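Undergrad: Numbering (the working numbering), first residue to last: 322 to 479.
#1: Starting from residue 470, follow its DSSP beta bridges and name the residues at the other end.
#2: How is residue 399 classed by DSSP in three states: helix, strand or coil?
#3: Using C-beta distances below 7 Å, list every residue in its chain close to residue 444, excluding the 5 sequence neighbours before and after it, in chain order.
#4: Please name the residue, chosen from 367, 418, 470 and 397, that lies closest to residue 412 on a Cα-to-Cα basis.
#5: What do you get for residue 415, buried or exposed, if any count of 16 or more other CB atoms within 10 angstroms of its CB means buried?
#6: In terms of residue numbering, what span does the alpha helix (DSSP H) encompassing residue 385 cover?
#7: Report, in whole angstroms, the separation of the C-beta atoms of residue 447 and residue 429, which I expect to be a contact under 8 Å.
#8: Leaving out five residues on either side along the sequence, give the residues of the same chain with a beta carbon under 8 Å from the beta carbon of residue 384.
Here you go:
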């Protein structure tokens, strides 16, 4: 199986989520199941069935995070040479040539992608279109919603 790139910060966030699921959520759910069992007949016990369903979802999420972390290739952008080129983990300030607006993105892995917060996956059209480009380059990127035209204003390895 191929390794999935993730930033150092992304690894920390996923480990924190996993720790919370294992040591906070899992015990709370076990407690809720025990409490619901104490109420008697399990066939018609909605609290019991809801807690068991939540337990299944939590265990699935734990397995998913453990698998993701086991297959992650952690990349610390601060350790990469500062070439001025867009690389995985870099934060890029772009000037949209069509709308005259600036926007910043950080190129991250699929596991930590959050476009609403400026974290775009390296596997998106914008992510792929920016990799290897330099400050001052003009880039045209085909996306599902149409062509976007940017000029790269800044590249930071932070």
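For each residue, glycine too, the CB sits at the ideal point set by N, CA and C.
Source: prediction; values computed, not measured.
TA: On the basis of the data shown:
#1: Partner(s): 461.
#2: The answer is helix: DSSP assigns residue 399 an H, G or I state.
#3: So the list reads 431, once near-sequence residues are dropped.
#4: Taking only the C-alpha atoms, the option nearest residue 412 is 397.
#5: By the neighbour-count definition (other C-beta atoms within 10 Å, threshold 16), residue 415 is a buried residue.
#6: Going by DSSP, residue 385 is part of the alpha helix (DSSP H) stretching over 367-391.
#7: Their Cβ separation, rounded to whole angstroms, is 12 Å, which puts residue 447 and residue 429 out of contact at 8 Å.
#8: The beta carbon of residue 384 sits closer than 8 Å to no other beta carbon from its chain once the five residues preceding and following it are set aside.
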